[in-house]
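Asks: Handing you this structure, nothing more for now.
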Amino acid sequence: WPRTAAWIDGELRVGGVGVRELAAEFGTPAYILDEEEFHARCAQWRQALPDGEVHYGGKAFLCPEVVRWLDEAGLCLDVCTGGELAVAVAGGMDPARVVFHGNNKSLAELRRAVSWRVGCVVVDSFAEIERLAALADEAGVRQSVMIRVTPGVEAHTHEFIATGGEDSKFGFSLRAGLAAEAVRLVLAAPSLELSGLHSHIGSQITDLGGFTLAARRMADFLLAAEREHGVTIPKLDLGGGLGIVQRPGDPLPPRPAELVAAVREVLPAHVRLAVEPGRSIAGPTAVALYEVGTVKEIPGVNTYVSVDGGMSDNPRPAMYGAAYTAILASRSSQAPAREVTVVGKHCESGDVLVRDLPLPADVRPGDLLAVPASGAYQRSMASNYNHVTRPPVVAVRDGAARAIVRRETEEDLLRLYA
Ligand code: LLP
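Here it is in structure tokens:
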């Protein structure tokens, strides 16, 4: 639960605001974001790496207000599309503090990155090195780049979000010699400046082994490339991936400072460390708030508690088998607990938010359920499936609440149609 979470007579309050009041003012479903928690997590990473760079992974959750918070906290930003770059700029971030990722950036995206003077482009293919070099040359600028390397490390996480293994659409393989070839090509392009090497081994990782193994391989490769070409490569960016506690009993992930200390041990002294945490900043900051609509008991089989959102606002259980928890958040109950399945309102059986959840047996329509650890990859992955409107993100702090992303309306949905 976010740090300002408190319960008064069974009602959950976040940032000093009760969930009943939030539901009345903003409707449900809604993501309730604890601003203090967000700032604290930015500060924790900033302090863990005072002499390095912390780029927030914008894919976890991004909007202009968050960009302003990052700016205040002294964090930079990692984007992976032109859309994320546009939000960064709309939020007032200096493009010089943006790192631009992606395995298939379009020509238009690359052109914009060069003309907006994006701080660093992470090159991901031979074709892209060629395209970017030509665009920078045309614009008469020297574009700073990092090379994305796949270090051949299998992080212990879901295969869809493991990215550092040898067989990956991302980056240049170390073992197959492609990374070394990429270094040669970048160094040979007068319009490109090699500012560092990059790796990202996956997401929701809770042990340090994968990070230190990747760091060691990347450090060895960096030193070998420096020796071979007689250059200095000043930066090593180890990407994001630090996991969070999603529900009680999950393994405790290391703290940012522990991760930094562990990888520091294997880094050469002249190399500046950069990281790209997304989930470990945004994830724990928000709770998703839903209203119960129906409770369906199938005697001896199961009880389905249906809420007013589902796989459109949280696709993670269906996509990755992610396990969440939920609580009755709007009142106290003395009723004994029974196990239920919390489902959404979408037209398919896979639309399950929480399985085997003990909830008070008197849970009824109108009750509010709160799902913690909903700040990352939920609003940012939300869809309009079944033509539902995507929920708002409501920032709460010191007893005040405001929507930093408003609820989508039916007009928003209909606007696209011919
Ligand atoms: N840097 C790069 C290059 C990345 O690809 C990612 C995430 C990050 C940083 C941030 O990683 P984080 O610290 O958030 O783990 N949709 C999936 C997660 C996909 C992550 C993709 N890349 C999910 O809901 O679990």
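Okay, so the sequence shown: first residue is 6 according to full-length UniProt numbering, each after it adds one.
The beta carbon of each residue, even a glycine, is placed where N, CA and C say it ideally should be.
Please report the distance separating the alpha-carbon of GLY145 from that of ASP356.
Replies: One C-alpha to the other measures close to 52 Å.
Asks: Any heavy atom of the ligand LLP inside 7 Å of the beta-carbon of GLU281?
Replies: Result yes, Cβ under 7 Å from the ligand LLP.
Asks: Per DSSP, which one or two residues make a beta bridge with CYS81?
Replies: Partner(s): HIS60.
Asks: Have a look at the DSSP bridge pairing and note the partners of VAL150.
Replies: VAL126 and LEU199, per the DSSP bridge assignment.
Asks: Between MET151 and the ligand LLP, is the CB less than 7 Å from at least one heavy atom?
Replies: Answer for MET151: no, Cβ out of range of the ligand LLP.
Asks: State the start and end residues of the unbroken alpha helix (DSSP H) segment that holds ALA185.
Replies: Looking at the DSSP string, the run of the alpha helix (DSSP H) that includes ALA185 is 183-193.
Asks: From CYS125 to PHE226, what does the alpha carbon distance come to, in whole angstroms?
Replies: Cα-Cα distance, rounded: 20 Å.
Asks: Taking the CB atoms as reference points, tell me whether TYR295 and THR33 lie closer together than 8 Å.
Replies: Against a cut-off of 8 Å, the Cβ pair of THR33 and TYR295 comes out as a contact.
Asks: Classify THR290 as buried or exposed, calling it buried when 16 or more other Cβ atoms lie within 10 Å of its own Cβ.
Replies: Under this definition THR290 is a buried residue.
Asks: Is DSSP giving SER285 helix, strand or coil here?
Replies: Residue state, collapsed to three classes: helix.
Asks: Would you mind stating whether VAL276 and LEU241 have Cβ atoms separated by less than 8 Å?
Replies: The answer is yes: Cβ separation under 8 Å.
Asks: Using a threshold of 8 Å, state whether the C-beta atoms of VAL348 and LEU358 are closer than that.
Replies: In contact: VAL348 and LEU358 (Cβ atoms closer than 8 Å).
Asks: Using beta-carbon positions only, say whether VAL399 and LEU38 come within less than 8 Å of one another.
Replies: Closer than 8 Å, so yes.
Asks: Helix, strand or coil for ILE210, going by three-state DSSP, please let me know.
Replies: Correct three-state label for ILE210: strand.
Asks: Under a three-way DSSP split, which group does PRO365 fall into?
Replies: Strand, per DSSP.
Asks: Ignore the nearest five residues each way along the sequence and tell me which others in LYS110's own chain have a CB closer than 7 Å to its CB.
Replies: Closer than 7 Å at Cβ, skipping near neighbours: GLU133.
Asks: What residues in its chain sit with their C-beta under 8 Å from that of PRO239, if we drop five residues either side in the sequence?
Replies: SER200, GLY201, HIS275, VAL276 and ARG277.
Asks: For the ligand LLP, any of its heavy atoms closer than 7 Å to the Cβ of residue 429?
Replies: Nothing can be reported for residue 429, as the shown portion of the chain is limited to 6 through 423.
Asks: Is MET223 near the ligand LLP, in the sense that its beta carbon is under 7 Å from a heavy atom of that ligand?
Replies: No - the ligand LLP has no heavy atom lying nearer than 7 Å to the Cβ of MET223.
Asks: Quick one: residues in its chain with C-beta nearer than 8 Å to the C-beta of TYR390, no 5 flanking neighbours on either side, listed in chain order?
Replies: If we look at TYR390 and ignore the five residues flanking it on each side, its Cβ neighbours are MET316, SER317 and HIS351.
Asks: Across the stretch 333-345 and the stretch 201-216, are there enough close Cβ pairs to call them in contact, namely three or more that are closer than 8 Å?
Replies: Output reads no: the stretch 201-216 does not touch the stretch 333-345.
Asks: Pair every Cβ in the stretch 302-321 with every Cβ in the stretch 408-418, then say whether three or more of these pairs are closer than 8 Å.
Replies: No contact exists between the stretch 302-321 and the stretch 408-418.
Asks: Touch check for the stretch 112-119 and the stretch 137-144: three-plus C-beta pairs under 8 Å?
Replies: Touching, per the Cβ criterion.
Asks: For ALA375, tell me which candidate among GLU30, TYR36 and ASP14 has the shortest Cα-Cα distance.
Replies: Comparing Cα-Cα distances from ALA375 to each of GLU30, TYR36 and ASP14, the minimum goes to TYR36.
Asks: Given 7 Å as the limit, tell me if LYS64 has its C-beta closer than that to any heavy atom belonging to the ligand LLP.
Replies: LYS64: yes, Cβ under 7 Å from the ligand LLP.
Asks: Name the residue from ARG395, GLY79 and LEU115 whose alpha carbon lies nearest to the alpha carbon of ASP99.
Replies: With distances taken between Cα atoms, ASP99 lies closest to GLY79.
Asks: For the candidate residues ASP83, MET223, VAL297 and GLN148, whose alpha-carbon lies nearest to that of SER178?
Replies: For the residues ASP83, MET223, VAL297 and GLN148, the minimum Cα distance to SER178 belongs to MET223.
Asks: Are the beta-carbon atoms belonging to ARG46 and VAL59 less than 8 Å from one another?
Replies: No, these two residues do not count as a Cβ contact at 8 Å.
Asks: Buried or exposed: where does TYR422 fall if 16 or more other Cβ atoms within 10 Å of its Cβ makes it buried?
Replies: So TYR422 counts as exposed.
Asks: What residue from ALA387, ASN307, GLU263 and VAL271 has the CA that sits closest to MET324's CA?
Replies: When only C-alpha atoms are compared, the closest one is ALA387.
Asks: Can you grab the Cα-Cα spacing for the pair VAL154 / GLU16, in whole Å?
Replies: Cα-Cα distance, rounded: 48 Å.
Asks: Give the straight-line distance between the Cα atoms of ARG412 and GLU114, rounded to the nearest whole angstrom.
Replies: Taking the straight line from one Cα to the other gives about 28 Å.
Asks: Hey, how far is the Cα of LEU373 from the Cα of LEU27?
Replies: Between LEU373 and LEU27, the C-alpha separation is close to 11 Å.
Asks: GLY355: beta carbon under 7 Å from a heavy atom of the ligand SAM?
Replies: Among the ligands in the structure shown, the ligand SAM does not appear; only the ligand LLP can be found there.
Asks: Determine the burial state of ASP129: buried for a count of at least 16 other Cβ atoms within 10 Å of its Cβ, exposed for fewer.
Replies: ASP129 should be labelled buried.
Asks: Using 8 Å for Cβ pairs, my map puts PRO282 next to GLY248. What's the rounded Cβ distance?
Replies: Going by Cβ atoms, the distance from PRO282 to GLY248 rounds to 11 Å, so no, they are not a contact pair.
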